[in-house]
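Protein chains in written order, with my numbering: chain A, 33 to 342; chain B, 1346 to 1662.
Inspection log for the structure reproduced underneath, given as structure tokens.
Okay, here's the thing in structure tokens:
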């Protein structure tokens, strides 16, 4: 732009041209490095499992087959159940969390609310410390939330950061709307759900998507709190278990390479798990790709809002 | 206009008795207090659990009934050679991650900032943000697949370039583990990390570039003397914040990438804590490590903030 202006001080020489070419090439290379693993895993997941063992599948399946997905989505009861739990916690967990945070955020946005200063500090403080792994685990156990679906939902209902983002958004809504509703005799609940909530849809949608992605991606809480209840397993945890199996195998495969053990059986056993693993990885990524355009539409906005708060 | 009405309400409100105001605002209280109790339970009560570190927790006697042991857990901790090894691993991994992360995100942000074609820039951004949103389980899978000695892409490329004669089992060599953690973190987070720098760059006054060009600065000189100083305050704040995180190497990532062959270099403080808690059920000892971790992080962030204030008269507190 600037360089086209008459008398512009910006000179565009040969070195600038070379720089631009190299810069574009590098950025294209970066995109390839980012995307290749995803393309590769899709190709492997759509390839016949026994054929895939021969290796050499890069960006396109050699012997096309839906078999791996069939096994996961219909035949393997554990994985089907885990998929259901993952979807349920993503939907329910994010919806309830957004609703809870909104209720708190609305009260904290009210400058006349008598507990506003003390509660703001109370919630903000939780961003700066945590009880740590063991005390939290003991608490969850004490509350009887071990092997209980609610452990995915209740401890995650309130996120102080989300409350602060929502609060600063609600504060931009003209207060006269709230006053007008009050004069008409509306209760606080009615004001929240019929005035504030419809006007806060952009920020609520953003936080809903982020929370849902966070829920969908969680596996550590499953391992910690629900690993002895197969009906509460999640897709990410099942994938993690397969990864762990493959991990220990790859180190024993290394033993084979070093001649320490003969583990031909182990390499045979690794055949199907690898393809299943690829297909499960695809299933774990697809919902994220699906909401990605929406995430992207809002996230810069969300980030700036977060910045305003700090 | 509208904002002016608010103080009026406050001033009339504050003349009323506090009980009257509470009673008037009971609906707001109904909306917020259930969650106050929730946060009290899930965020504040676990902090009391820190006292476990000064007790010898015994499930039969419970938290209250277990005997006090003073600083015994800490004494044992500081006498354990494994502790020092995991401390070293933690420092090494998070230091490498910090350096790689800062260098890669700043470089990428500068390069993206030089792209004039908006569509191309947007496309690169969209693609490079993607790995940030996938879980570490998926990312670890991808790392294992890419580095596999049998058909991993990295080995294939290195073999074809004749840089190696036979496949390298990257994940099984303990000397490589720190670097793999740092580099896989770059793969996942580099694009996402540029957002904050790019938004700082849009805040740089275009006149500065023009003035630099009039003074004869070429493109590289403009990057060095205008762009970089323009984002320096952002870099400083992020650096101080990340120094507070130096004792957390990222539990999920390390846990998912480690395997039996590399435990020597992969056991970080968080893994060490997890092992003591969940494998040996030594809750008190594990809590002591957690407290050590928090205390050191707190001191480090204070020191970093102090140094930053001394150097540039700017801190974050």
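Even for Gly, the Cβ is constructed at its ideal location relative to N, Cα and C.
These numbers come from a predicted model, not from an experiment.
Go through its chain and collect everything with a Cβ distance to residue i's Cβ below 8 Å, but skip five positions before and after it.
| i | result |
| --- | --- |
| residue 1646/B | 1585, 1586, 1588 and 1589 |
| residue 1567/B | 1554, 1557 and 1558 |
| residue 1442/B | 1526, 1527, 1530, 1594 and 1595 |
| residue 1416/B | 1399 |
| residue 1423/B | none |
| residue 232/A | 134, 198, 201, 202 and 205 |
| residue 49/A | none |
| residue 214/A | 223 |
Looking only at its own chain, which residues have a Cβ that is under 6 Å from the Cβ of residue i, when we skip the five neighbours before and after it?
| i | result |
| --- | --- |
| residue 1418/B | 1398, 1629, 1630 and 1633 |
| residue 1403/B | 1411 |
| residue 239/A | 130 and 194 |
| residue 158/A | 192 |
| residue 310/A | 73, 76 and 77 |
| residue 1603/B | 1611 |
| residue 1607/B | 1519 and 1522 |
| residue 177/A | 183 |
Starting from the C-beta of residue i, find all residues in its chain whose C-beta is less than 7 Å away, skip the five residues before and the five after it, and write them out in chain order.
| i | result |
| --- | --- |
| residue 1432/B | 1614 |
| residue 1609/B | 1519 |
| residue 91/A | 71, 72 and 75 |
| residue 1395/B | 1632 and 1636 |
| residue 126/A | 240, 243, 244 and 247 |
| residue 301/A | Residue placement at residue 301/A is flagged as unreliable, the pLDDT there being 35, under the threshold of 50; a coordinate-derived value is accordingly withheld. |
| residue 1655/B | none |
| residue 151/A | 140 |
For residue i, which three-state DSSP category applies?
| i | result |
| --- | --- |
| residue 42/A | coil |
| residue 1400/B | strand |
| residue 1676/B | The question about residue 1676/B has no answer here: the residues shown for chain B are numbered 1346 through 1662. |
| residue 337/A | For residue 337/A, the predicted model reports a pLDDT of 49, less than 50, meaning its position is unreliable and no value from the coordinates is stated. |
| residue 147/A | coil |
| residue 1413/B | strand |
| residue 96/A | strand |
| residue 1567/B | helix |
| residue 1625/B | coil |
| residue 161/A | coil |
| residue 206/A | coil |
| residue 1552/B | helix |
| residue 300/A | At residue 300/A, the pLDDT of 37 sits below 50, so the modelled position is not reliable; the number obtained from the coordinates is stated separately. The answer is helix: DSSP assigns residue 300/A an H, G or I state. |
| residue 1612/B | coil |
| residue 119/A | helix |
| residue 1460/B | coil |
| residue 1603/B | coil |
| residue 91/A | coil |
| residue 319/A | helix |
| residue 188/A | helix |
| residue 112/A | helix |
| residue 1372/B | helix |
| residue 1620/B | helix |
| residue 1437/B | helix |
| residue 1581/B | helix |
| residue 1589/B | coil |
| residue 1480/B | coil |
| residue 1655/B | helix |
Let's test the definition: count the other Cβ atoms within 10 Å of the Cβ of residue i and tell me whether it reaches 16, buried, or not, exposed.
| i | result |
| --- | --- |
| residue 1516/B | buried |
| residue 87/A | exposed |
| residue 290/A | Here the model assigns residue 290/A a pLDDT of 40, short of 50, so the residue's position is not dependable, and the following value carries that caveat. So residue 290/A ends up on the exposed side. |
| residue 1362/B | exposed |
| residue 1546/B | buried |
| residue 171/A | buried |
| residue 153/A | exposed |
| residue 285/A | Per-residue confidence for residue 285/A stands at a pLDDT of 47, beneath the threshold of 50, marking its modelled position as unreliable; no derived number is given. |
| residue 271/A | buried |
| residue 1457/B | buried |
| residue 174/A | exposed |
| residue 1651/B | exposed |
| residue 118/A | buried |
| residue 220/A | buried |
| residue 1542/B | buried |
Quiz item: Using Cβ-Cβ distances below 7 Å, what residues of the region 259-276 of chain A are close to chain B?
Solution: 268, 271, 272 and 275
Quiz item: What residues from the region 92-104 of chain A come within 8 Å of chain B, judged by C-beta to C-beta, listed N to C?
Solution: none
Quiz item: Which whole runs of the alpha helix (DSSP H) in the region 41-87 of chain A are 4 residues long or more, in chain order?
Solution: 46-77 and 81-84
Exercise. Taking only beta carbons into account, state which residues of the region 152-173 of chain A come closer than 8 Å to chain B, listed in chain order.
Key: 154, 155, 158, 161, 162, 163, 164, 165, 166, 167, 168, 169, 170 and 171
Exercise. Can you give me, in chain order, the residues of the region 1591-1613 of chain B that have a beta carbon less than 9 Å from any beta carbon in chain A?
Key: 1596, 1597, 1600, 1601, 1602, 1603, 1604, 1605, 1606 and 1607
Quiz item: Along the chain, which unbroken stretches of the alpha helix (DSSP H) at least 4 residues long are found entirely within the region 218-284 of chain A?
Solution: 220-223, 233-249 and 252-257
Quiz item: Any residues in the region 195-220 of chain A with a beta carbon nearer than 8 Å to a beta carbon of chain B? Which ones, in chain order?
Solution: 206, 207, 208, 211, 219 and 220
Quiz item: If contact means a Cβ-Cβ distance below 7 Å, which residues of the region 1625-1637 of chain B contact chain A?
Solution: 1628, 1631, 1632 and 1635
Exercise. Select from the region 238-253 of chain A all residues with a C-beta closer than 7 Å to any C-beta belonging to chain B, and list them in chain order.
Key: 245, 249, 251 and 252
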